[in-house]
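Chains as they are written, first to last, in our numbering: chain H, 1 to 367; chain W, 1 to 367; chain E, 1 to 367; chain U, 1 to 367. Reading through the structure tokens given below for one structure.
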């Protein structure tokens, strides 16, 4: 059977918008997908599902979209894969880990394009999935065809992908800064440390005491130390980039902002640079490496001069900011990145993948 | 000349409160000193100085103290060392770096006890001071007699100190967790990384655009990368603990909270522990090391079980929380600490030093 | 039976601390009571109850108190009125409305002094209670002996009270500014409007989605419009002050701060003051009225000059700030107040009542 | 001379985008104008001016726009009215009060369309301007031709306006809820009270100590009581709606959010409604009034059921939410509104006016 034939055609040259659906649209990532798709020039949002809000209009559930005509007419429905497959060509899954696969299987079987924001299809190995997520993978037969939805690294395979696994928020903030350096051999694969701060929306819309205003406001705290689930996809991708197994140290922290991830990376250059000339040469190589990788990328902002990343610069955008410093005192390369966990770290990136897959300009709906 | 005779007697057994003064009481640290000294059972606040507020009462400048009778009667004065020396036995300096020394010299000469919250007397070497602070040390002859005001590490010399240099906020959050491990030889002196988050009060009460509400709220950002001034005192103290020169990596970040420092430390144990038995043994040694160092310390809270430090637990207190995790995947020891940058990181610690020096119970005025 | 004999003696002149207990100590008000009682010079905290935390020490549940020796040894217990009555002379109830009465009845019967922070005993009429709280009053026979715990208004009856009903947070912020004006006949009893902003701790430690960080941060919203439960006690007390039934307009709002209530009151002076001389005369009368009422009160801060209330001035203190402005354009008197909802609005005020009742200096433990 | 001929033609039917410029684009309102105009389907941003940032690109000054191609190429220039008049058909002025008029005069003379976000042309009377702004009006001859830029109230005159005065943020939040009620005679013109909360961006990007993070965070405070400058335009418009001079009470407060205004209005219905039937009838009239006024307005969201306005629903949008409650206890009508002070309260509304004036769909660039 020819997959190219089975998949519903999403002709890049088409002028008419693509019908799209969002399954699980009531969480923070789902809401952000709604925001981006309502104004996307080449997409028509035809279905949004939510068990909790079935029957209510988009405008009722998300008042911020009330001035959009579609938000008045489009109503949440109970999720139903068969129905969705008849309505939409492309389906975004904004569901919890483990649940997404249940929808991906029938949707793919009926010819839909699937862009999954959960972790279900990010790992190439079902065994690693089970190790980190604590249960057997629900659809291991699909892992081989899933493409990791980081356009800056996987643009070509994404053009043909039927199943796209959008990366996690922390992984995006780590992989984009580190992969080019590993590929270029500028840093050692061993000893990488990623120290990240995240806004509270990263925890989802869960009514748990830990995420109450009074418990988060005026609070700074680490969590999930030392083995966070996202490590699995981070290490998978870094290992592929390095051509050797990579194990990293990753520490997430919670900070009282709604959105944003700030990651500080501690890396060991392969060359020494205690002499000023060595540092200067290495600096030039880092610049050249990043420019080659991202110089033309619309959503990667390489900071120059004295600028350092700041989440407030990227909140609400699909941008990631990256800056770096060499420290001759310690021999380390410090790289810092900032992104919006719900945009470049989730829904914006999913839209970027959608644009790549459909052949739209990559910034469509994301400016 | 006998220093013991020259210094005004601060008899531990005395029942009557010690007259104390604060120079530069209008900043955040100064305000916190006022708060702590107004209710201190063995201190009487007799003078507060501020060029900006001279003539106004404490209650006018800091309304929060308005119900304290002393706040109604005590007025800010222009700073005048001679006058202060006549009024107070102990003088706290909450002044900018470089300015503090100008007051310390005459105050010490006139027999006062000086507790300085600036960086002026924290370094043993005038050359290192000049390297990091950009100007020659204003009173290098006093460096030898200054005692670093970290009671958990320098309690005995503090009992006799005439000039106490209270540590910086970041250094406190790093030194207390790391020094015992270095002294015990449990970690390597090389490769230490300290990643810190600080609340905005750490920047002081400066009307700069970077610290406006709208610029800090919903913002997470690194700054001062890679060579922060506080490195000098951190490395001095770690080197003393290790018995060998120590160079560390330190990255401060700004987060939208008023107060609090959260530090995450990446350390390399001297022993491997990939086997479970090795990890268990090393874990026992870490516990034993911390218990020996801090088991009886009133202001160090060693976290057990699943607890991790959280700045909201320590804000307004003189506590520092410390937790640790071994990561067998990477071979690292992760240690995390939380403190209030204005209390254990500044004014509370200064009071603790005051208590040690005067022989009061160390928790006096700090519960 | 002589109540004076039955009640456990709380002799003002006594030197030994009074044994006190807190029932329901795990909420925000309970935690604040713990903070204040641990350092109160004349109280010894002998019991804290919490079904959720029974068996755990104060230091475990509230790490901020960890350096206090009592916090290491005192453990939460299941609430048991008989046991509490044997341990404590004074029992603070920090329980939900309706539950407090269940404990008050047996505790009073066994001779304890009860200071209740719930609404159960604030109303003089069981019928009004039922109207506003939706169920019959659980112990109407006690209403007659309860004293409303606003020391500035009820100091004398509080000295002899066995059952003290500490006022609500909103009522305190409204009654203290308005009652003296009504008593002096300076404002009309009709048409009073109170517009209040509250921090999120006012909602308690409930894991509800409305109070999640992301739902409160960057949010300003009214709630409970137009008939909030607190209206019942506000109107009761205003009516007593005016000598005529008073009905007011009250609108509470939620703002993203942990603590604090800011109330703006719109009042109609009994005299016209469009002429400058009239306004000046009325202004003098307002000043005189407030000075007579509060000039010697340690916890009421009357603002002069251009100052306006700010919750950050009072957070963590038992102070209430009050300022006023006459508006000749509209003929209104605008009065504004700021307090900490958990201190002057709850636990601090309860301690103030405790001090009054026991004859301690009113500021004991509250500076 | 025929004004219709003089003004540069802005043909509604035109397909090509209109060249627009922003003078004073570096403040918060200017930045928001940039955001909206960069993605506006019918506008081409051809010039942005800023003395501070002249020479820098949009992407350098506002990193959030970095992925937009125009942000890379468009550079800030020194403001020059002659040059702007040659470049742009429509010029937005985001300048301080008093300065805007200096640019409006030459721009209008050279045939530009001017949309001014300052207060310079909002008042019909130069005398009232001088009373509230403290200096003579800089260009009183233009007042007669300026149209107040509230499309919901002035849509027809805006279609032909050469000079549009976009309303202030507070006035928008008050006028939209109140004007229809006054016009319909449902409320009395006397005794109106508006109590407003604003985010800190309303104070502009000024490096003043009052707006530092630590001074605003955890702070709730009134300011500018009792005579705020915005009163002048509010009362002008309410008087026009009522057909009689209206004087209102207005109290602004500052709350720790970046954006948003929440206004609570206390109004006196012309009819009594203590009986349930009367209240029901009046409620129907209020509903009918608002539906007639705003039922088809894309940016006015009338809340039904139990919903109350919340700034977080409107931040980043051009929406205003309005809800109301009748209080039979007090005889008042309470109306509440929420808007984003920088969008519907400033730049979004200016774009809405631009759309009306040019004949574009009113939601163009605002969804």
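Even glycine gets a Cβ: it sits at the ideal position worked out from N, Cα and C.
Worksheet item: Would you report the Cα separation of residue 6 of chain W and residue 110 of chain W, rounded to the nearest angstrom?
Response: Low local confidence applies: a pLDDT of 43 at residue 6 of chain W is under 50, so the model's placement there is unreliable, with the coordinate-based value given in what follows. Looking at the two C-alpha atoms, the distance is approximately 8 Å.
Practice prompt. Grab me the residues of residue 127 of chain U's own chain with a C-beta within less than 6 Å of its C-beta, minus the 5 sequence neighbours each way, in chain order.
Written response: none
Worksheet item: Is the CB of residue 306 of chain E under 8 Å away from at least one CB in chain U?
Response: no
Worksheet item: In chain order, which continuous runs of the beta strand (DSSP E) of length 3 or greater are located wholly inside the region 237 to 285 of chain H?
Response: 249 to 254 and 261 to 267
Practice prompt. Identify every run of the alpha helix (DSSP H) within the region 64 to 109 of chain H, keeping only runs that are complete inside it and at least 4 residues long; order them along the chain.
Written response: 69 to 73, 81 to 87 and 100 to 109
Practice prompt. Determine, using beta carbons only, whether residue 391 of chain W comes closer than 8 Å to chain H.
Written response: The requested residue 391 of chain W does not occur in the structure, where chain W is confined to residues 1 to 367.
Worksheet item: residue 213 of chain H touches chain E at which residues, Cβ-Cβ below 8 Å?
Response: 200, 211, 212, 213, 215, 216, 217, 256 and 258
Worksheet entry | Close-in-space but distant-in-sequence residues of the same chain around residue 12 of chain H (CB under 8 Å, 5 per side omitted) | Note that residue 12 of chain H scores a pLDDT of 48, beneath 50, so its modelled location is shaky and nothing firm can be said.
Worksheet item: Which same chain residues, not among the five before or five after residue 180 of chain U, have their C-beta less than 7 Å away from its C-beta?
Response: 289, 290 and 293
Worksheet entry | Inside the region 35 to 61 of chain U only - beta strand (DSSP E) runs reaching at least 3 residues | 43 to 49
Worksheet item: According to a CB-to-CB cut-off of less than 7 Å, which residues of the region 64 to 77 of chain U neighbour chain H?
Response: 64, 66, 67 and 68
Worksheet entry | Cβ distance (whole Å) where residue 347 of chain H is taken to contact residue 309 of chain H below 8 Å | That belief does not hold up - the Cβ atoms of residue 347 of chain H and residue 309 of chain H are roughly 20 Å apart, past 8 Å.
Practice prompt. Tell me whether the beta-carbon of residue 46 of chain E lies closer than 8 Å to the beta-carbon of residue 19 of chain E.
Written response: yes
Item to complete: Pull up the distance between the alpha-carbon of residue 264 of chain H and that of residue 71 of chain U, whole angstroms please.
Response: 27 Å
Fill in: Coarse secondary structure for residue 210 of chain E, derived from DSSP in three states
helix
Worksheet item: How many Å lie between residue 231 of chain H and residue 225 of chain H at the Cα?
Response: 11 Å
Worksheet entry | Per DSSP, cross-strand counterpart(s) of residue 197 of chain E | E:253 and E:262
Discussion item. By DSSP's criteria, residue 360 of chain E is part of a beta bridge. Which residues make up the other side?
Written reply: Answer by DSSP bridge pairing: none, since residue 360 of chain E is not bridged.
Discussion item. Using only the alpha-carbon positions, how far apart do residue 316 of chain W and residue 349 of chain W sit?
Written reply: 12 Å
Discussion item. Let's see if you can read the secondary structure: which residues bound the alpha helix (DSSP H) around residue 129 of chain U?
Written reply: 126 to 133
Fill in: Rounded straight-line distance, which links the Cα of residue 249 of chain W to that of residue 327 of chain H
8 Å
Worksheet entry | is_contact[residue 32 of chain U, chain W] using C-beta, thresh 8 Å | no
Worksheet item: Hey, is residue 311 of chain H close to the ligand HEM, as in C-beta under 7 Å from one of its heavy atoms?
Response: The model on display carries no ligand, and the ligand HEM is accordingly not part of it.
Worksheet item: Since residue 207 of chain W meets chain U, which of its residues come closer than 8 Å, beta carbon to beta carbon?
Response: 207, 208, 209 and 212
Worksheet item: How many Å lie between residue 278 of chain H and residue 332 of chain W at the Cα?
Response: 29 Å
Practice prompt. Determine the closest residue to residue 259 of chain U out of U:16, U:280, U:77 and U:32, with distance taken between C-alpha atoms.
Written response: U:32
Worksheet item: Apart from the five residues on each side of it in sequence, which residues of its chain come closer than 6 Å, Cβ to Cβ, to residue 301 of chain H?
Response: 319 and 321
Worksheet item: Since residue 91 of chain W and residue 83 of chain W are thought to touch, with beta carbons under 8 Å apart, how far apart are those beta carbons, to the nearest angstrom?
Response: Not really, about 11 Å apart at Cβ, beyond 8 Å.
Fill in: Range covered by the beta strand (DSSP E) that runs through residue 339 of chain H
332 to 339
Worksheet item: So residue 19 of chain E is in the alpha helix (DSSP H); what residue range does that whole segment cover?
Response: Segment 18 to 23 is the beta strand (DSSP E) holding residue 19 of chain E; no alpha helix (DSSP H) there.
Worksheet item: Taking all protein chains shown into account, do 16 or more other C-beta atoms lie within 10 angstroms of the C-beta of residue 16 of chain H, making it buried, or fewer, making it exposed?
Response: exposed
Worksheet item: Buried or exposed: residue 312 of chain W, going by 16 or more other Cβ atoms within 10 Å of its Cβ?
Response: buried
Worksheet item: For the region 311 to 337 of chain H, which residues have a beta carbon sitting closer than 7 Å to at least one beta carbon of chain W?
Response: 311, 312, 315, 325, 327, 329, 330, 332, 334 and 336
Worksheet item: Name the residues in the region 290 to 304 of chain U whose C-beta lies less than 7 Å from a C-beta of chain H; which are they?
Response: 298, 299 and 301
Worksheet entry | Three-way DSSP call (helix, strand, coil) for residue 222 of chain U in this model | strand
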